[in-house]
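Numbering (our numbering), first residue to last: 937 to 1626.
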Amino acid sequence: MAVFELILCIIAAVVVSSFASRFIPKVSTPLVQIALGVLVAYLPFFPNARLNPELFMVLFIAPLLYLEAHEIDKSALLKTLKLSLSLAIGLAIATMVAVGFVLHTVWPVITLASALALGAALGPTDAVAVSSLGKEASLTQRQRGVLKGESLFNDASGIVGFQFVLAAAFTGEFAVGQAAGEFVVSFFGGTIFGLVVAALANWVFETVRSLGWETTTTRILMELFLPFLLYLGAEEFKVSGILAVVAAGLFIRFDRSGVGPNVARTNIVSSSVWGVLSFSLNGAVFILLGMQLPQAMTASWSDPRINNTLLIGIILLVTAVVIALRFIWVAAMLRIARDVNTGKRRKMTLERWRSAAVMTFGGPKGTITLSLMFTIPYSIAGGADFPMRDELIFIASGVIIMTLLLANFLLPLLAPNRGKDPSAEMVPITIEVLRSTVEELTGRITPENRRAVLMVIDLYTKRISRLKQRNGDSDPQGLERLQIEALHWEKEFVRDRLTQIKAHPAADAATQELNVEACERMLDQIMNTLRHTSTDPTSGHAVSQIRGRVRMLQRRVNNYAKRTISKIRHTTPLVSEDQIFARTRELQVEAIHHVIDRLVDEMGNSTYNTEHCSALLLDYRRAEASLQARPNMSGTAAMITQVEEVKKESYAIELGVIQDMLEAGDISRAQAKTLRRNIYVMQVDADSGI
């Protein structure tokens, strides 16, 4: 029960960290979670329980590594494979050896095996921690690819090396030949086991879907079950469970193909579940790190046999060794690497030295390092306490914090974002897709679906407006020019109607007089509004006159009616006030319909922006709805159904636009995938609402 309460409290702390990190975006989320872990460790109601090291490895390491391998960009990984493997294997081994011998030399009380175990644990980097940094740093695609690939592979190499060195520390014996043989068997055996399971899993998923047996629930459960099965199964065969998880994650593809709401819903739910699980597991590890710090610090700090100054110095020394060795290794690899085009080695320019520094500080220690240190047993083979366990965890924790702090504050200086948000690159592409969709929908308007299509166009207009506001790319002046033009359209319509009325007088004199008076009054109001606007639509006076004008259409109609009634009351006593009001309202609605038709026609032209036409359409349709005396609610259900059908049709149009842009080379495959994923979300929502 205590362990269960501990897990619940940790999850609660992770939730709090997700909110707290929003208010301090320049501080990485792992640092926030570590601080929360330290805080909750002192809360009286927080349970004091320990997780079994083996359970910790299965519960955290297996799913995190599997997800990292499964989600990594395979094409980017292949492009940077040599450099990633050099860092993942060569640098990891060099770090283990350097840290081990330096630490054992400076502090002989720590055995060489234990020091090597710490060095092996400090080999893996945490790409998740880098991506969690505030958005002040901007890494290139190649740098991100190298760091992610390194994190994936050095997790496996570091963990395997850590397990063998830890076994030597546990038993006190280490046979080089036997260890090398076991390492080879474990390495290749784990890889082969993972590949076999991956092939089997792919076949199972494809078969289940082809037979129609797949449901969202069974699919997600099978996905979640897989990494634990891989790890435990490989360990049963005495091979590396970590390598099995990584190999399977790289080659398991799942069947994400197919068309339809069920496929889209399954893929979306799968991504969402794994996203929540990944954040929760990573957050839990850093919360546990913060909780462990006070205990390890207290035990070490209060021990009279340990010099506290030496302890702090060891942390700084180990951090310096890790950082310096990493910088030298990265710089050497950049110097040795040949140019893809010329095939020659390039000199180390200032920019390349800066890139080496970025990749040095861009590889902080984190989840895997801490998880490995937690797996150190509490006792050795003879039953005695594991020597210096708390101190080793304390040193590792200090190095993690130091590397995270360096990454958090130095990366923005080395790779400043300069206001360029990677997510903002998708905004203009998304707007272009939405514009094309609106234009296509406009061409499909018929008398039967007119109202439903215009309602869907309104929704697209709102989406475009939100995106433009987020990107700071709004153009109020263009919208104001269109509003002025719409006023001229109204004026032309009413003037033409007045000409027709005078050319073809009504049989009844009172009706003729009412029609003429209503048209003249409307013309007076429109001309008065236009006179009060500047000839320059960009001036502040024009803005103040035009802004909000359409939203007050109903109020203007009421003014028309009152003034018309007031005048006709003295000139045409045969006409009732109700007739005057009704005729004025009808004329205004006709004028609005005329403007709406013109706006629909303009969407197919390049004179005005599509979103401006859509925005003004929305305003005029709102005015039209407010002018309807008693709207007919009998067709509401049928209208809702028709709107949903048009929305489905619009999603198909969007997908077609995205495919056309991809084939034309306007967008990349990754961008097309992101755009399609957003449409799948809306498709699922539409299917769920019917």
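Ideal placement from N, C-alpha and C gives every residue a C-beta, glycine not left out. Quantities reported herein were computed from a predicted structural model and do not represent experimental measurements.
Residue burial classification, residue i (beta-carbon count within 10 angstroms, cutoff 16)
| i | result |
| --- | --- |
| A1183 | buried |
| I1222 | It is worth fixing the name first, because residue 1222 is Phe in this sequence and not Ile. Classification of F1222: buried, given that the 10 Å Cβ count is 16 or more. |
| W1265 | buried |
| P999 | buried |
| F996 | buried |
| I1178 | buried |
| S1307 | buried |
| V1121 | exposed |
| Y1167 | buried |
| S1146 | exposed |
| F959 | exposed |
| A1439 | exposed |
| T1031 | buried |
DSSP three-state assignment for residue i, whether helix, strand or coil
| i | result |
| --- | --- |
| R1281 | strand |
| H1009 | Before going further, note that residue 1009 is Asp rather than His in the sequence given. Residue state, collapsed to three classes: coil. |
| P1352 | strand |
| S1236 | helix |
| S964 | coil |
| D1602 | coil |
| D1062 | coil |
| A1394 | First, the amino acid is wrong: residue 1394 is Asp here, not Ala. The answer is helix: DSSP assigns D1394 an H, G or I state. |
| S1176 | coil |
| D1444 | coil |
Residue i and residue j closer than 8 Å at C-beta
| i | j | result |
| --- | --- | --- |
| A1343 | G1298 | yes |
| G1055 | V1033 | yes |
| L1014 | M1295 | no |
| I970 | I1337 | yes |
| K1301 | T965 | no |
| G1601 | L1224 | no |
| V1035 | V1258 | yes |
| F1129 | V1175 | yes |
| S1185 | A1024 | Checking the displayed sequence, the identity of residue 1185 turns out to be Gly instead of Ser. In this structure, A1024 does not lie closer than 8 Å to G1185 by Cβ. |
| A1273 | L1027 | no |
| R1078 | T1016 | yes |
| A1057 | A1293 | no |
| S1372 | V1593 | yes |
| I1400 | I1603 | no |
Residue i to residue j span [Cα, whole Å]
| i | j | result |
| --- | --- | --- |
| V1392 | V1582 | 7 Å |
| A1388 | V1374 | 13 Å |
| T1447 | T1577 | 41 Å |
| A1243 | A1256 | The sequence shown places Asn at residue 1243, not Ala. Spanning the two alpha carbons is a distance of roughly 20 Å. |
| I1316 | I1095 | 19 Å |
| T1311 | V1181 | 18 Å |
| D1321 | F1106 | 10 Å |
| Q1099 | E1368 | 53 Å |
| D1239 | Y978 | 20 Å |
| R1487 | L1403 | Since pLDDT at R1487 reaches only 41, below the 50 mark, its modelled position is unreliable, and the value read off the structure follows with that caveat. Distance between the alpha carbons of R1487 and L1403 is about 23 Å. |
| V963 | G1219 | 15 Å |
| A1422 | M1458 | 14 Å |
| A1442 | R1417 | 37 Å |
| R1613 | W1210 | 15 Å |
| T1152 | F1161 | 14 Å |
| I1251 | M993 | 25 Å |
| L1329 | M1309 | Reading off the sequence, residue 1329 comes out as Ile, not Leu. Straight-line Cα distance between these residues: approximately 6 Å. |
| A1170 | V1140 | 19 Å |
| L1591 | T1202 | 18 Å |
| E1376 | T1397 | 14 Å |
| L1088 | V1536 | 53 Å |
| E1086 | C945 | 33 Å |
| L1390 | E1538 | 14 Å |
| L1253 | T1047 | 17 Å |
| I1008 | F1164 | 19 Å |
| F1187 | A1606 | 19 Å |
| L1039 | A1051 | 6 Å |
| R1262 | R1288 | 15 Å |
| S1022 | V1579 | 57 Å |
Near the ligand ZN: residue i beta-carbon under 7 Å from a heavy atom
| i | result |
| --- | --- |
| R1433 | No copy of the ligand ZN appears in this structure; indeed no ligand is present at all. |
Beta carbon proximity, residue i to chain B, threshold 8 Å
| i | result |
| --- | --- |
| E1416 | The displayed structure is made up of one protein chain only, and chain B is not part of it. |
Ignoring anything shorter than 3 residues, give me the beta strand (DSSP E) runs that lie fully in the region 1281-1317, in order along the chain. Within the region 1281-1317, no complete beta strand (DSSP E) run reaches 3 residues.
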